[in-house]
Structure formats: structure tokens, C-alpha cells
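The structure under discussion appears below in the form of C-alpha cells.
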Ligand code: NI
């Protein structure tokens, strides 16, 4: 068990395409997963990708609590259990996109409005060898796209359409109540 150091924007590892994991059930992958779980819990994030802890492999983990899904998507809320996804693939259902505030553990203190596909299917394998295949909508789909982008060297500002929405979350706390609430959530759920 260990809390790993999280790479920040500008670190070369965050810009490169990560390599496929050849044996998802290898002991060293299990150890990496354990350490990443500790790291994500310590940072109170929604998701984490291996390159963020300086390991250039195609492995991500994420979770969406019922409360978080409800805040993001209201009646459409879709929670997701804690999931480890190795060598993930994403398939789109249509071109529909949704814009929402996002933040990232590799860019602490910042948030910005990012378009993401609203409805996806993803598949991969976990570190116990189980095949995972799910449809995802809303915030669940957003988190998966954000984490998988890390495997291709993409940080959320590279997806933004309007860079003027990039902001320090501490500034958002001075905004009108509704936006301030979003900022608080962004800080709680960095990914
Ligand atoms: Ni991130």
C-alpha cells in the first residue's frame, strides 16, 4: 500500500501514448492497482489513469457515487461501481455531446467546461481477468472519456471549445451560488 505522487500538467509522461498491458493479471499490475486505489482515495478523486502516477500503461480506474451522479445528471443519474479498466476501448453511440465542468488531479485547483460524448459503450478487462463491457451515459460516460484520454496523452483543456471557461476553482467560489456549488464539486471529484 502506498500513496503515489501524481504527475502534473507539463510532465512528459502525461503527453505520451501509453502502452497496452500485456498481462492484466500479472502481480505487478495488481500492486499498481492497489497503490492507485490508495492514491485516488487520498486525493478524493472520481478517477485516475496510470500515466498520472508515472506508469505509461493503459490502465484506468473510476467510480461514480449515486450522490455524485444525481448532482450531475438529475433524473438521468447513472452511478458506477468502482471499476479497474485495462486496455480500454470506447465506442460511441451517435455524435451527441454534453458540455460540463471538469477538473483533473494533474491540474489541481483548475476547472473548465469540456464537451464529451453523451452515450458510449466501453470495454476492457480488470486486474482479476474479468471482462467488463458497459454502456454509459452522462457523468459516467464523461469520467470514462476523461480517464481514457490520459492514455493517449490528452488533458481536458485540449478538448475545450472555450478556453475562457478555464478557471481556478477558488475564483469560482466567488461566483453566484449555483456556479460556486459546481466548483465545490469539481474540487471534491478531480479525476
Ligand atoms: Ni485527469
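Numbering (our numbering), first residue to last: 219 to 409. Glycine included, every Cβ here is placed at the ideal spot set by N, Cα and C. Given the structure is predicted, the values throughout are model-derived calculations rather than measurements.
Near ligand 1: residue i beta-carbon under 7 Å from a heavy atom
| i | result |
| --- | --- |
| residue 323 | yes |
| residue 368 | yes |
| residue 364 | yes |
Where residue i sits in the DSSP three-state scheme
| i | result |
| --- | --- |
| residue 333 | strand |
| residue 286 | helix |
| residue 390 | helix |
| residue 243 | coil |
| residue 255 | helix |
| residue 225 | coil |
| residue 265 | strand |
| residue 382 | helix |
| residue 324 | coil |
| residue 351 | strand |
| residue 317 | strand |
| residue 377 | helix |
Element boundaries [alpha helix (DSSP H), containing residue i]
| i | result |
| --- | --- |
| residue 237 | Neither: residue 237 is in no alpha helix (DSSP H) and is coded neither H nor E. |
| residue 365 | 356-368 |
Check whether residue i and residue j have beta carbons under 8 Å apart
| i | j | result |
| --- | --- | --- |
| residue 253 | residue 220 | yes |
| residue 333 | residue 379 | yes |
| residue 251 | residue 302 | yes |
| residue 338 | residue 362 | yes |
| residue 279 | residue 247 | no |
For residue i, the first and last residue of its enclosing beta strand (DSSP E)
| i | result |
| --- | --- |
| residue 300 | 298-310 |
C-alpha distance - residue i paired with residue j, whole-angstrom precision
| i | j | result |
| --- | --- | --- |
| residue 432 | residue 294 | The question about residue 432 has no answer, for the chain in this structure spans 219 to 409. |
| residue 388 | residue 241 | 42 Å |
| residue 261 | residue 314 | 31 Å |
Min CB distance residue i to chain D below 8 Å
| i | result |
| --- | --- |
| residue 242 | Among the chains of the structure shown, chain D does not appear; only one protein chain is present. |
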